[in-house]
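Asks:
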Amino acid sequence: MLDSKGFDLWADGYDRSVGLSEEDGTYPFAGYKEVLGEIYQRVLRESGKKILDIGFGTGTLTVKLYEKGCEIYGQDFSEKMIAHAKEKMPKAHLYHGDFSKGLAGELEKERYDAILATYSLHHLTDAKKVEFLKKLQGLLKQGGYIYIGDVAFETREELEQCKKQTGESWDEDEIYFVYGELKKSFPTMEFQQCSHCAGVLSLGKEDCAPEELAVSQVSSQYQVRRLEESDISEIIKVCSGNKIYYEYCPPFVSEEGVRQDMEALPPGKTKEDKYFLGYFSEGKLIALLDLIARYPDQNTAYVGFFMVDREQQHQGVGTQMIEELCRYLKKRGFQKVELAWVTGNRQAENFWKKNRFIPLSERDSSVGVKVMAARRNL
5 MLDSKGFDLW ADGYDRSVGL SEEDGTYPFA GYKEVLGEIY QRVLRESGKK
55 ILDIGFGTGT LTVKLYEKGC EIYGQDFSEK MIAHAKEKMP KAHLYHGDFS
105 KGLAGELEKE RYDAILATYS LHHLTDAKKV EFLKKLQGLL KQGGYIYIGD
155 VAFETREELE QCKKQTGESW DEDEIYFVYG ELKKSFPTME FQQCSHCAGV
205 LSLGKEDCAP EELAVSQVSS QYQVRRLEES DISEIIKVCS GNKIYYEYCP
255 PFVSEEGVRQ DMEALPPGKT KEDKYFLGYF SEGKLIALLD LIARYPDQNT
305 AYVGFFMVDR EQQHQGVGTQ MIEELCRYLK KRGFQKVELA WVTGNRQAEN
355 FWKKNRFIPL SERDSSVGVK VMAARRNL
């Protein structure tokens, strides 16, 4: 996968390299013109004039929409790509940044008639694609649409067949769209195949399966997202700095232990109820939260684990995160938050009492230590 400098080096020859692949009908850009043409027609036919383009490159598509009078907003990884696009669209609102770490704050303040992503989201894992698309849905105006043009397939079998035919030219770093799998998260998403390896996916503002919590809205101060296996090394760094916790709740953090924590569920709950979240500041993981929705009853959210990076402690960061979390949970209809700390861990006891959690009763935990159950009414 190219980094930002790699994209800068690619910028001068980007349009040319796309054209070569398009002309001979080969992966990855076979059908490129059809993909962009389809999105162009749909935007002009079905959407309004305010457009956000994620990873716009040299502006091949957005320039055409700009020339039709559309108000263009965008974010791209490469400053050189932005410079190319700015020459063609001097009045566009273009921002530099890695969208996998979040959109520019100025872009999140706006609402759009259409959001475009052409050959850009394949740098995200499948789980992060779903999370990011749900966040983008929140930036749509009523009746707005997201249009994704990319290397995409109807089924996993078709992807594997294309990979086999492509051979060594297949990019193993890119994670392509499989429509049949995405529909599980977006039941009314539509897909139009434009070539053997490319197509257009579209979804509206309400086209997603309901989720208990909108993770990206948990905090206004930090980027919050579900953590994945690829985050384990960063999780271990945060945990390793909090040795006091493991004195009361052994064993010490390990890769296998983190994996178990990411999968652990109380009786009667499913993985859809579990939110193993990370709080990020400027791309760095600074806090961990393990939250179970609607447990132990329908009115309660249960905090199984909360830890702030040692460098962030004693600055009010943890308290701010818990206050924001409680406000958000209350808006979502929860009435209580419950948790437990290990008896004798004064650091944990003082923190949770300071944050208005009232001790209820002492009990034995599943890991063989005594804990104090506590609750905060919302």
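Residues in the sequence shown are numbered consecutively from 5, following our numbering. Don't be surprised by glycine CBs; every beta carbon is placed ideally from N, CA and C.
Which residues does DSSP pair with residue 306 in a beta bridge?
Replies: 296 and 342
Asks: For residue 382 and residue 305, I'd like the C-alpha separation in whole angstroms.
Replies: 11 Å
Asks: Taking just the CA atoms, how far does residue 242 sit from residue 371?
Replies: 22 Å
Asks: For residue 86, which of helix, strand or coil comes out of DSSP?
Replies: Helix, per DSSP.
Asks: Using only alpha-carbon positions, find the residue among 41, 85 and 33 that is nearest to residue 58.
Replies: 85
Asks: In terms of residues, what are the limits of the alpha helix (DSSP H) holding residue 350?
Replies: 350-358
Asks: Take residue 123 and list the residues in its own chain whose beta-carbon comes closer than 6 Å to its own, dropping the five residues that flank it on each side.
Replies: 154
Asks: Could you tell me whether the stretch 230-244 touches the stretch 253-263, where touching means 3 or more Cβ pairs closer than 8 Å?
Replies: yes
Asks: What residue range is occupied by the uninterrupted alpha helix (DSSP H) comprising residue 172?
Replies: Neither: residue 172 is in no alpha helix (DSSP H) and is coded neither H nor E.
Asks: How long is the line joining the alpha carbons of residue 284 and residue 291, rounded to whole angstroms?
Replies: 7 Å
Asks: What's the gap between the Cα of residue 300 and the Cα of residue 255?
Replies: When rounded, the distance between both Cα atoms is 26 Å.
Asks: Residue 407 to residue 311, Cα distance in whole Å?
Replies: Limits of the chain in this structure are 5 at one end and 382 at the other, which puts residue 407 out of reach.
Asks: Excluding the 5 residues preceding and the 5 following residue 35 in the sequence, name in chain order all residues of the same chain whose CB lies nearer than 6 Å to its CB.
Replies: 198, 199 and 202
Asks: For the candidate residues 195, 173 and 176, whose alpha-carbon lies nearest to that of residue 183?
Replies: 195
Asks: Would residue 226 and residue 346 be called neighbours here (beta carbons separated by less than 7 Å)?
Replies: Here residue 226 is not near residue 346, since their CB atoms are 7 Å or more apart.
Asks: In terms of residue numbering, what span does the beta strand (DSSP E) encompassing residue 79 cover?
Replies: 75-80
Asks: Which residues share a DSSP beta bridge with residue 374?
Replies: Checking the DSSP bridge columns, you'll see residue 374 partnered with 368.
Asks: Please confirm whether residue 31 and residue 170 have their CB atoms less than 7 Å apart.
Replies: yes
Asks: Three or more C-beta pairs under 8 Å: does that hold for the stretch 85-98 against the stretch 142-157?
Replies: no
Asks: For a test of the three-state rule: what should DSSP assign to residue 263, helix, strand or coil?
Replies: helix
Asks: Cutting at 8 Å between CB atoms, please list the residues of its own chain near residue 327, excluding the five before and the five after it.
Replies: 359
Asks: Could you pull the start and end residues of the beta strand (DSSP E) that residue 204 belongs to?
Replies: 202-208
Asks: Select from 337, 353 and 335 the residue whose C-alpha is nearest the C-alpha of residue 343.
Replies: 353
Asks: Tell me the rounded alpha-carbon separation between residue 297 and residue 217.
Replies: One C-alpha to the other measures close to 8 Å.
Asks: Could you have a look at residue 394 and say whether DSSP puts it in helix, strand or coil?
Replies: Residue numbering for the chain in the displayed model covers 5 to 382; residue 394 lies beyond these limits and cannot be assessed.
Asks: Given a cut-off of 7 Å, decide if residue 190 and residue 207 are closer than it, judged by their beta-carbon atoms.
Replies: yes
Asks: Going by the beta-carbon positions, is the gap between residue 209 and residue 144 smaller than 7 Å?
Replies: yes
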